[in-house]
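A.B. asks:
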Amino acid sequence: MKTMTCRQLGGACDLQLSGNTADEVINAQDKHLKEAVAAGDATHEVARNEMKGRWKHPIKGMGWYKDTKRQFAELPED
Ligand SMILES: [Zn+2]
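Each residue of the sequence shown is one higher than the one before, starting from 0 at the first, in numbering that gives the first Met the number 0.
(1) Could you check which residue in G60, G10, G52 has the C-alpha nearest to that of E34?
(2) What is the DSSP secondary structure of M3, reduced to helix, strand or coil?
(3) Is it the case that the Cβ atoms of K1 and D66 are separated by a distance below 9 Å?
(4) Return the bridge partner residues of L16 from the DSSP annotation.
(5) Do G52 and ligand 1 come close, with the Cβ less than 8 Å from some heavy atom?
(6) Taking the beta carbon of L74 as the centre, do at least 16 other beta carbons fall within 10 Å, making it buried, or is it exposed?
(7) Hey, would you say Y64 sits closer than 9 Å to R53, going by beta carbons?
(8) How big is the Cα-Cα spacing for E49 and K30?
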């Protein structure tokens with residue numbers, strides 16, 4: 000397992016998200032952003048919209064995705 004924070008993933012807090020792959024962590028972040036915004040947390044709205052935009056425009060979102068995967072790969076195992 001490796002851990003990244005919400006902030007490292009473009010979010011607004013230091014919540015830690017763990018996963019065995021970068022995709023797991025990204026999905027956890029996606030869920031966290033949805034829940035935060037649904038709960039009325041305005042600080043996560045920008046990140047939520049950016050995340051939504053990435054799914055809609057996969058080519059444009061690919062740079063972020065690659066960066067995140069690389070960051071994840073460079074992390075030490077927990
Ligand atoms: Zn957060």
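Ideal Cβ positions, reconstructed from N, Cα and C, are used throughout, including at glycine. Keep in mind that this is a model prediction, so the values were computed, not measured.
C.D. replies: Walking through what the data contain:
(1) G10
(2) strand
(3) no
(4) M3
(5) no
(6) exposed
(7) yes
(8) 14 Å
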